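Step one of this worksheet: look at the structure below.
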Amino acid sequence: MYVADFADNGQFSGVIEKLDYLCDLGFNAIELLPILESMGTDHDWGYSTRNFFALKTTYGSTGDFKQLIDECHKRKIRVIFDAVFNHTSTDCPLEIIDHNYWYYQGKHHPDDQFYWGPEFNYEHYDEQQNLKPAWKYVTDVVRYWISEFHLDGIRFDAAKQMDNYDILRELDNVAHSVRTSQPFYTAAEYVPETPNILKSNGGPVDACWSSSFHGVLINNLTDLSKLELDLMKYVIGAPDLVNYLSCHDNERFLFLLGKQGNAFDDDAFIRMRLAMIILITSVGIPFIAQGDEFGEAREWGDKDQNKKKFPMQWDLLNNERNRSLVDTCKKLLLLRKQREDMKEKTANFIYEHHDNRVLVYARSKELVIITHFSNEEKKDYEINNFPQNGKWIDWLSNEEYQIDNNTLKTNLKPFDGKVLVLQK
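What follows is the structure, given as structure tokens:
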């Protein structure tokens, strides 16, 4: 969520006005793009922090922010804080006072193509003070925002460039020490994703952003000359990854369907529906960029995206196609929330056919997802190896199917997606 574009007034108070919309759809967490003081009053995403103990003034007061968090918590919505601890703006007071005390003298990684500003040096040690200045400063920042505002999670921006699991682990520990009676969630942006950053593999954070998910899905929904089955199975089945179709770092998924796949109007929306099904039924955590749920498709462009204004196009909800996509999203989130098998960290791939472009996976013996990556309809298509015989129903369409001999015979529409639940 980018507050400036999501709220009609561009402020925390405007977000509160839209919380019932998010609650009705079934979202249980919002991740705010950076909200700390950055670029003065300019319209900006906030990834160049100047003051780590102050909010961006255009968003409202600290009281407004506390009210937003309280209103979220009343609706059982967690609030996740996007923290930029790799670098600062060039006019950050720390940079002005003493660059070499807080930062690397030059680039932390000279060969890295990405450089967004002075980079914190978490290894520099002040013998007189008996501390690491940047380490101490950032842990104080985390302690303040979590203890004062009761935040529920942190997303660590540019964790690859930080290149320091020790500070990430310390910040995770500090966060949990403050929120002792509440769950707390940490995620890292590391591109491309790496499993060793996950706690499940001995790393410092709960989850890692998956840039692969976006790339694999857009490739397989636009380039019909191939089907990357192994990659599809990886992004669907990988646990502890934050999966997304769109985020601020790439163009809108629906826009790319047109640009890369020449898919527009109904053709684009049926592909978007399939992508949404895969996103929300995959093992990882589904992340939806504001507007994706109803088919936002404007182009970011390749220059100064962070300064452009893209207020939410709420009027798109007057269109049947857009409302249908929202309804699909809502039903899938309800499925994810209601069913215990959706909380398991496994997906079993029970059927695949490369040439027919069909991939079927089971989240349990009672929940099966059918995906069809083709623009051609298939009549009386047989899918074998179903986990159980009996009557199954499509969670999205309520269409009923009878499975005998562990085989389903069905018609597959272009870019069809079915979510079948066993009826007891």
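Residues in the sequence shown are numbered consecutively from 49, following my numbering.
Just so you know, even glycine gets a beta-carbon here, dropped at the ideal spot from N, CA and C.
Being a predicted model, the structure only gives us computed values, none of them experimental.
Residue i versus residue j - alpha carbon distance
i, j, result
"residue 181", "residue 229", "29 Å"
"residue 311", "residue 301", "11 Å"
"residue 111", "residue 389", "40 Å"
"residue 173", "residue 86", "27 Å"
"residue 251", "residue 203", "15 Å"
"residue 214", "residue 140", "24 Å"
"residue 100", "residue 461", "52 Å"
"residue 95", "residue 79", "14 Å"
"residue 446", "residue 257", "33 Å"
"residue 148", "residue 97", "18 Å"
"residue 363", "residue 267", "30 Å"
"residue 241", "residue 309", "26 Å"
"residue 211", "residue 441", "48 Å"
"residue 201", "residue 234", "5 Å"
"residue 281", "residue 295", "22 Å"
"residue 113", "residue 64", "10 Å"
"residue 466", "residue 171", "51 Å"
"residue 444", "residue 318", "13 Å"
"residue 105", "residue 91", "11 Å"
"residue 231", "residue 130", "17 Å"
"residue 324", "residue 168", "38 Å"
"residue 277", "residue 243", "20 Å"
"residue 69", "residue 350", "31 Å"
"residue 293", "residue 176", "49 Å"
"residue 305", "residue 265", "10 Å"
"residue 335", "residue 377", "12 Å"
"residue 410", "residue 77", "26 Å"
"residue 357", "residue 51", "11 Å"
"residue 284", "residue 143", "43 Å"
"residue 71", "residue 154", "46 Å"
"residue 450", "residue 468", "11 Å"
"residue 395", "residue 412", "8 Å"
"residue 298", "residue 162", "16 Å"
"residue 178", "residue 56", "48 Å"
"residue 392", "residue 145", "50 Å"
"residue 262", "residue 272", "17 Å"
DSSP beta-bridge partners of residue i
i, result
"residue 202", "129 and 234"
"residue 418", "408 and 466"
"residue 256", "236 and 289"
"residue 448", "441"
"residue 151", "168"
"residue 135", "167"
"residue 396", "410"
"residue 431", "456"
"residue 335", "292"
"residue 474", "An answer regarding residue 474 cannot be provided, because it is not within the stretch 49 to 472 covered by the chain."
"residue 246", "253"
"residue 99", "85"
Inter-residue CB distance, residue i and residue j (contact presumed, cutoff 8 Å)
i, j, result
"residue 164", "residue 135", "5 Å"
"residue 187", "residue 222", "5 Å"
"residue 107", "residue 60", "5 Å"
"residue 217", "residue 194", "Residue 217 to residue 194, Cβ: 16 Å. No contact."
"residue 434", "residue 416", "7 Å"
"residue 255", "residue 333", "6 Å"
"residue 117", "residue 198", "6 Å"
"residue 275", "residue 402", "5 Å"
"residue 303", "residue 347", "5 Å"
"residue 160", "residue 209", "6 Å"
"residue 338", "residue 49", "5 Å"
Distance CB(residue i)-CB(residue j) smaller than 9 Å
i, j, result
"residue 120", "residue 73", "no"
"residue 457", "residue 430", "yes"
"residue 239", "residue 259", "yes"
"residue 183", "residue 166", "no"
"residue 436", "residue 407", "no"
"residue 399", "residue 453", "no"
"residue 132", "residue 205", "yes"
"residue 322", "residue 463", "yes"
"residue 84", "residue 103", "yes"
"residue 404", "residue 428", "no"
The segment 420-432 touching the segment 340-349, judged by at least three CB pairs closer than 8 Å: Per the Cβ contact rule, the segment 420-432 is not in contact with the segment 340-349 (fewer than 3 Cβ pairs under 8 Å).
Meets three-Cβ-pair contact criterion under 8 Å: the segment 278-296 and the segment 240-253: The segment 278-296 and the segment 240-253 touch, with no fewer than 3 CB-CB distances between them shorter than 8 Å.
The segment 367-375 contacting the segment 307-327, beta-carbon criterion three pairs below 8 Å: The answer is yes - the segment 307-327 touches the segment 367-375, with three or more Cβ pairs under 8 Å.
Sufficient close CB pairs (3 or more, under 8 Å) joining the segment 373-393 to the segment 323-341: The segment 373-393 makes contact with the segment 323-341: 3 or more CB pairs, one atom from each, lie closer than 8 Å.
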